[in-house]
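Asks: The structure is given below, and queries will be raised subsequently.
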Amino acid sequence: MAGNRVEIRAGIRELAASLGRGAARLLFPPVCAGCRRQVVTPGALCGACWPRLRFLERPWCAVLGTPFAYEMGEGALSPEAIANPPPFSRARAAVAYSGVAREMVQGLKYNDRTDLAPWMARWMARAGAELIADADLVVPVPLHWRRFLSRHFNQSAELARALAAASNLPFEPGALVRRRGTRQQVGLGAREREDNVRGAFAVPPGAPALVAGRRVLLVDDVYTTGATVAAATKALRRGGAKAVDVLTFARVLPGDFRDGGADTI
Ligand SMILES: [Zn+2]
């Protein structure tokens, strides 16, 4: 009798496990992150979407990482970086924010494609190699706890975690908090974005020991106007960080951002 019960229990466990695997297949079918068409081998993108991803390459602005049309010499700065020097030392992004990149960001953000984070982080590591070489720790741009509770997921933290693991750097999501809720940046103009996030971040009590005197690599999914990462950088500097570099998966290139545009986030 006892033996039977053990067998039944084992059977139930096996059934649950196979249902689990089935559910995982349903949740994560091998579909392209760009066009959502089924692909034969699980991966990030199909053959048609690959060429539609624009990887950012040198020559680029030494501070903002925005590509130049032609070689400008080592350390050359873009007009934007000269006119408006950011509080962070350097920013880099893996890809331009459009089309396929946007689909990937949205896929990760709404939590149905957590499998994308390692891919995205790998491309970020390539674009941010110099930043990673100098970094002491990796810190994601935090969500406000209320938004985190409703979504249970911070896409920037997923990217930062994957990046830190791949780069052998400490991942410190507790080094920075969002101390007040902010409106979604979607649909806001450049000036409104700045106002919206001003003073929104802080190094919490206890965390200054993590950042003081250290070089922080701040990670976010998309760099739009830079308002969010600038506000986060200022908070980290106030918390004693020696310097802050910014690494994002995608970047809205200057000229692509339209105030209030529905297609930028
Ligand atoms: Zn595709």
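Its first residue numbered 876, the sequence shown is counted upward by one per residue in this note's numbering. The C-beta atom is built at its ideal place from N, Cα and C for all residues, glycine as well.
(1) Secondary structure at Ala-976, three-state DSSP: helix, strand or coil?
(2) Using CA coordinates, which residue listed in Leu-1092, Gly-1049, Leu-1018, Ala-1032 is at the minimum distance from Arg-1058?
(3) Looking at ligand 1, does it come within less than 7 Å of Cys-936, judged from the CB to the closest heavy atom?
(4) Taking the alpha carbon of Gly-1115 as the reference point, which residue from Glu-949, Val-1086, Pro-1129, Val-1013 has its own alpha carbon closest?
(5) What's the gap between the Cα of Arg-1073 and the Cα of Ala-1106?
(6) I think Asp-1120 touches Arg-1021, with their Cβ atoms under 8 Å apart; what is that distance to the nearest whole Å?
(7) Residues in its own chain within less than 8 Å of Pro-1083 by CB, not counting five upstream and five downstream?
(8) Just the C-alpha distance for Tyr-945 and Pro-1079, rounded to the nearest angstrom, thanks.
(9) Given that a residue counts as buried once 16 or more other Cβ atoms are within 10 Å of its Cβ, and exposed if not, what is Arg-933?
(10) Assuming Leu-1006 is part of the alpha helix (DSSP H), what are its boundary residues?
(11) Hey, out of Asp-987, Val-906, Ala-1000, Pro-961, whose CA is closest to Ala-1125's CA?
(12) Answer yes or no: the CB of Leu-991 versus the heavy atoms of ligand 1, is any distance below 7 Å?
(13) Looking only at DSSP bridge pairs, what is Val-1094 linked to?
(14) Measure the C-alpha to C-alpha separation of His-1027 and Gly-948 and round it to an integer number of angstroms.
(15) Quick one: Cα of Ala-969 to Cα of Ile-957, how far?
(16) In or out: Tyr-972 buried (at least 16 other Cβ within 10 Å) or exposed?
(17) Starting from Arg-1066, trace the alpha helix (DSSP H) in both directions and tell me its first and last residue.
(18) Could you give the residue range of the beta strand (DSSP E) that holds Val-1078?
(19) The alpha helix (DSSP H) that contains Val-1086, what's its start and end?
(20) Assign Asn-1043 to one of two classes, buried (16 or more other C-beta atoms within 10 Å of its C-beta) or exposed (fewer than that).
(21) Assuming Val-855 and Val-906 form a contact by the criterion Cβ under 8 Å, report the distance between their Cβ atoms to the nearest whole angstrom.
(22) Which residues neighbour ligand 1 when neighbourhood means a C-beta less than 7 Å away from any of its non-hydrogen atoms? List them by chain order.
Replies: So, from the listed chains and residues:
(1) helix
(2) Leu-1018
(3) no
(4) Val-1086
(5) 6 Å
(6) Between Arg-1021 and Asp-1120 the Cβ distance is about 29 Å, and since that is not below 8 Å, they are no contact.
(7) Gly-1114, Gly-1115
(8) 43 Å
(9) exposed
(10) 1004 to 1009
(11) Ala-1000
(12) no
(13) Pro-1015, Leu-1122
(14) 45 Å
(15) 22 Å
(16) buried
(17) 1065 to 1072
(18) First-last for Val-1078: undefined, no H or E at that position.
(19) 1083 to 1086
(20) exposed
(21) As shown, the chain starts at 876 and ends at 1140. That puts residue 855 outside it, with no answer to give.
(22) Cys-907, Gly-909, Cys-910, Arg-912, Leu-920, Cys-921, Ala-923, Cys-924
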